[in-house]
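Notes to accompany the following structure.
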Amino acid sequence: MESFSAVLRTASRARHTEAESSAFMSGLLGGRLGVDAYARYTEQLWFVYEALEAGAERLAADPVAGPFVRPELFRLPALARDLAHLRGPGWRAGLEALPQTRAYAARVRECAERWPAGYVAHHYTRCLGDLSGGQIIRDSAERTWGFARKGDGVRFYVFEEIPNPAAFKRRYRALLDGLRADAVERRRVVAECERAFALNTAVFRALGEEFRVTA
Ligand code: HEM
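The numbering used here numbers the first residue of the sequence shown as 66 and each following residue consecutively.
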């Protein structure tokens with residue numbers, strides 16, 4: 066039988082390709098968007114991680130979601146430094162969530178409050194994504210906009226306390242495989258993961274409208 070981590074990965078593959086190849090993401094990675102677009106995207110991540118980490122606090126002792134709560138994944142302090150670098154010391158006052166970002170964060174919050182296994186779907190989608198593809202984004206951002214390597218501006222993508230991401234991901238997948246949920250509940254988690262990808266894609270679409278890629 067396929068492991069649950071493999072089921073999740075397979076189920077989200079098509080959605081992943083869609084997110085990855087969105088006009089905004091490919092524009093960002095192709096160096097065809099300005100640093101302002103990158104800053105706006107980073108601001109959206111702030112709202113999502115705010116919801117994710119508020120949930121982490123609430124769920125640390127939860128039998129289902131608790132094992133996934135790992136301080137080395139917390140991103141808000143790194144995001145605060147990046148945003149101060151990108152927007153200046155007044156970054157907080159200028160923070161603004163797109164409606165699509167508000168919907169995404171609201172769904173994360175709702176899961177954190179009512180459905181721990183659903184929260185795991187969001188946790189997986191963000192954390193493994195930021196640990197994996199995030200490194201490609203970081204590399205591109207450093208080259209395109211001249212941020213110091215692993216420095217201010219891209220700290221969000223630097224997991225200081227995870228020296229071996231491959232090993233971390235293996236352990237994370239083992240946690241997914243052992244998720245305390247029966248077959249029906251697992252199917253619901255897979256569906257929530259697909260929803261998490263769709264919520265991300267909606268944010269990219271909105272950002273793509275705000276920042277048009279110039280040839
Ligand atoms: C241009 C943007 C992106 C690139 C280049 C990218 C690239 C990658 C790569 C190379 C992996 C494979 C890592 C591995 O096998 O260990 C990966 C995995 C992953 N990515 Fe992305 N990604 C991008 C965007 C996203 C987005 C927007 C999300 C969702 C928010 C996401 C979620 C994930 C997840 C959940 C995994 C783990 C899959 C698994 O092994 O279970 N990625 N990504």
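All residues carry an ideal CB built from backbone N, CA and C; glycine is no exception.
Contact belief for residue i with residue j at Cβ below 8 Å, rounded distance in angstroms
{"i": "Leu46", "j": "Gln109", "result": "There is no way to answer for residue 46, as the model of the chain reaches only from 66 to 280."}
{"i": "Ser77", "j": "Glu259", "result": "6 Å"}
{"i": "Ala177", "j": "Ala246", "result": "That pair is no contact at about 16 Å."}
{"i": "Phe269", "j": "Ala84", "result": "6 Å"}
Cβ neighbours of residue i in the same chain (closer than 7 Å, five flanking residues each side left out)
{"i": "Asp217", "result": "Arg146, Asp147, His150"}
{"i": "Ala88", "result": "Gly273, Val278"}
{"i": "Arg152", "result": "Ala104, Gly159"}
Beta-carbon proximity list for residue i, same chain, < 6 Å, skipping 5 on both sides
{"i": "Ala116", "result": "Ala170, Val173, Arg174"}
{"i": "Ala143", "result": "Arg220, Phe221"}
{"i": "Asp127", "result": "Pro181"}
{"i": "Ala130", "result": "Leu124, Pro181, Tyr184, Val185"}
{"i": "Arg203", "result": "Val219, Tyr222"}
For residue i, the three-state DSSP class (helix, strand or coil)
{"i": "Val254", "result": "helix"}
{"i": "Val268", "result": "helix"}
{"i": "Arg80", "result": "helix"}
{"i": "Asp195", "result": "helix"}
{"i": "Val134", "result": "coil"}
{"i": "Pro230", "result": "helix"}
{"i": "Met66", "result": "coil"}
{"i": "Asp247", "result": "coil"}
{"i": "Pro164", "result": "helix"}
{"i": "Asp204", "result": "helix"}
{"i": "Pro181", "result": "helix"}
{"i": "Leu98", "result": "coil"}
Proximity of residue i and residue j at Cβ, strictly below 8 Å
{"i": "Phe133", "j": "Val185", "result": "yes"}
{"i": "Leu73", "j": "Trp111", "result": "no"}
{"i": "Ser205", "j": "Leu98", "result": "no"}
{"i": "Arg157", "j": "Phe221", "result": "no"}
{"i": "Glu137", "j": "Glu226", "result": "yes"}
{"i": "Leu196", "j": "Pro154", "result": "no"}
{"i": "Leu240", "j": "Arg251", "result": "no"}
{"i": "Arg191", "j": "Ser70", "result": "no"}
{"i": "Thr166", "j": "Val100", "result": "no"}
Other residues of its chain near residue i: CB distance less than 8 Å, five sequence neighbours each side excluded
{"i": "Val249", "result": "none"}
{"i": "Arg80", "result": "Glu259, Phe262, Ala263, Thr266"}
{"i": "Gly96", "result": "Ser205, Arg208, Thr209"}
{"i": "Arg105", "result": "Leu272, Glu275, Phe276"}
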